[in-house]
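If you count the sequence shown from 1, you need to add 1 to reach my numbering.
Here a beta-carbon is modelled for each residue, glycine too, at the ideal position from N, C-alpha and C.
Since we're looking at a predicted model, the values are computed, not measured.
Below: one structure, written as structure tokens.
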Amino acid sequence: MLETIVSMALFSVSFSWNDKADERTLCARLLSQQYRSIPRDDPERASALAAFDYELFRTLISLASNEEMDGTFRTAASRLFWNRNAERWKSLHARETSERLERLLAALEQNAETFREALFAYMHILKRSWL
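Have a look at this one:
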């Protein structure tokens, strides 16, 4: 399921790389701002960050403007119990997850190959830490 979500995000961003460059850049900036606004000392930070990366993937997939992909994402995320899988944001994986997410957000404004590499690196930490 994670591979399906990541594949849809990669397709959507690749599809929109040239045609929707302004929209992609705006998404990247808004997502970065949302990420930075999550309080570091919040006891619910892990849950807030899990909700954030759900929103990240939802936003990336929506760049393709494809209702079927949007529905597939919602179904896959529901089956994965996304809102209950925040382990990647807890002590063992938190630093690496944060670094990879920051790299992914920055890559949205760089080039397609850098984005692809950052997305797969983030998928790797998701797979390692998913319950």
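Where residue i falls: helix, strand or coil (DSSP)
i	result
E110	coil
L144	As shown, the chain starts at 2 and ends at 132. That puts residue 144 outside it, with no answer to give.
L132	coil
M124	helix
M9	helix
Whole-angstrom C-beta distance between residue j and residue i, which should lie under 8 Å
i	j	result
A47	A87	4 Å
F116	V14	6 Å
L64	E24	7 Å
L109	Y36	Actually they do not touch by this definition, with Cβ atoms about 12 Å apart.
A77	T5	5 Å
L127	R89	6 Å
F82	R59	Incorrect: roughly 16 Å between the Cβ atoms, too far for contact.
*Which ranges would you report for the alpha helix (DSSP H) in the region 13-49 if only whole runs of at least 4 residues count?*
Runs of the alpha helix (DSSP H) lying entirely within the region 13-49 and spanning at least 4 residues, in chain order: 22-37.
_Runs of alpha helix (DSSP H) lying entirely within the region 58-102, each at least 4 residues, in chain order_ = 68-80
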